[in-house]
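Data block below; observations after.
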Amino acid sequence: MKTVVVATHNAHKLAEIEMTMKALLGPGIELVQVDGTAPVEDGATFEENALIKARAAFRDSGQPSLADDSGICVDALDGAPGVHSARYSEDGSDSANLALLLANMKGATNRAATFVCAVAFVTKNGERVVRAEWPGVLRAVAKGKNGFGYDPIFAPNGVTGTAAEMSALEKAALSHRGRALGLIAPAVNRYFQSTN
Ligand code: ITT
1442 MKTVVVATHN AHKLAEIEMT MKALLGPGIE LVQVDGTAPV EDGATFEENA
1492 LIKARAAFRD SGQPSLADDS GICVDALDGA PGVHSARYSE DGSDSANLAL
1542 LLANMKGATN RAATFVCAVA FVTKNGERVV RAEWPGVLRA VAKGKNGFGY
1592 DPIFAPNGVT GTAAEMSALE KAALSHRGRA LGLIAPAVNR YFQSTN
């Protein structure tokens, strides 16, 4: 069995990872969601947190493990919420996080923001971590029903509309996560070729 454990508890992320990786991974490589509790994400960077999650899944499962740590970095807020994007508001729901970001950006003229995604892949042969970014601007009003998190207020550069108005395939082709997965996929394929 060629199995990769995906160390996320976020169902939206998992769906995006499954869709993108299906097209990139060699035949017979299966993705399974991590079992058990999530480790404490106390790294200072996206890369450190992705490694924390992938290492914990590898330690617990003994299987090659992949994790995504991501978030939105807003220029006018000195890079916040950044690595704290998932728990920006008190209740930590997507809608409360988005509402707080809109409130904190009220009246801001510099609306530049960047989605960042680090993906870590940990196996018995070693560790690899990659990163990709998706620049854009924050809208003042949410629009669109697709995606998750901050997508309804994020208008990617060079695209008409918000990330939540894009189809899953369109988003995957351009997004921080889609491109980070594109960078890690060859390492996953190489791992299974080398262990055959
Ligand atoms: P896991 O750690 O279990 O993977 P999480 O949601 O806690 O799930 P992160 O710590 O990486 O994951 O936080 C990511 C947050 O950043 C996520 O909850 C969203 O608020 C935001 N985010 C990341 N990628 C996004 C995307 O593609 N669209 C919208 N928001 C995104």
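What the sequence shown shows, in our numbering, is residues 1442 to 1637, in sequence order. Just so you know, even glycine gets a beta-carbon here, dropped at the ideal spot from N, CA and C. Keep in mind the model is a prediction, meaning the values are calculated, not measured.
CB of S1506 within 8 Å of CB of A1448, strictly: yes
Straight-line Cα distance separating E1457 from A1576: Checking the displayed sequence, the identity of residue 1576 turns out to be Pro instead of Ala. Between P1576 and E1457, the C-alpha separation is close to 19 Å.
Residue environment, N1538, which counts as buried when at least 16 other CB atoms sit within 10 Å: buried
Three-state secondary structure (DSSP) of S1536: helix
Through-space distance from S1635 to R1528, alpha-carbon basis: 39 Å
Closest residue to L1543 among T1564, G1567, G1590 (Cα-Cα distance): G1590
Cα-Cα separation, K1565 to S1502: 11 Å
Beta bridge counterpart(s) of Q1474 as assigned by DSSP: V1447
Whether V1415 touches L1624 by CB criterion (8 Å): What is shown of the chain runs 1442 to 1637, which leaves residue 1415 out entirely.
Residues of its chain near K1443, where Cβ-Cβ distance is below 7 Å and the 5 sequence neighbours each way are ignored: G1469, I1470, E1471, F1633
Cα-Cα separation, V1563 to P1480: 15 Å
Cross-strand partners of S1506 (DSSP beta bridge): V1446, V1563
Span separating the alpha-carbon of E1488 from that of L1622: 14 Å
Integer-rounded CB distance, given that V1524 should sit under 8 Å from L1579: Not a contact, Cβ separation roughly 18 Å.
Bridge partners - E1488, DSSP secondary structure assignment: In DSSP, E1488 forms no bridge with anything.
Cβ separation of A1604 and D1592, assumed to be a contact under 8 Å, to the nearest whole Å: 4 Å
Selected residue, minimal CA-CA separation from S1620, among C1558, D1476, T1478: The residue you asked about is not Ser; residue 1620 is Arg in the sequence shown. Ranking the options by Cα distance to R1620, first place goes to C1558.
Integer Cβ distance of I1594 from A1609, believed to fall under 8 Å: The pair is not a contact, with the Cβ atoms about 18 Å apart (cut-off 8 Å).
Residues near F1499 in its chain [Cβ-Cβ closer than 6 Å; skip 5 each side]: S1506, V1563
Cβ-heavy atom distance, E1606 to ligand 1, below 7 Å: no
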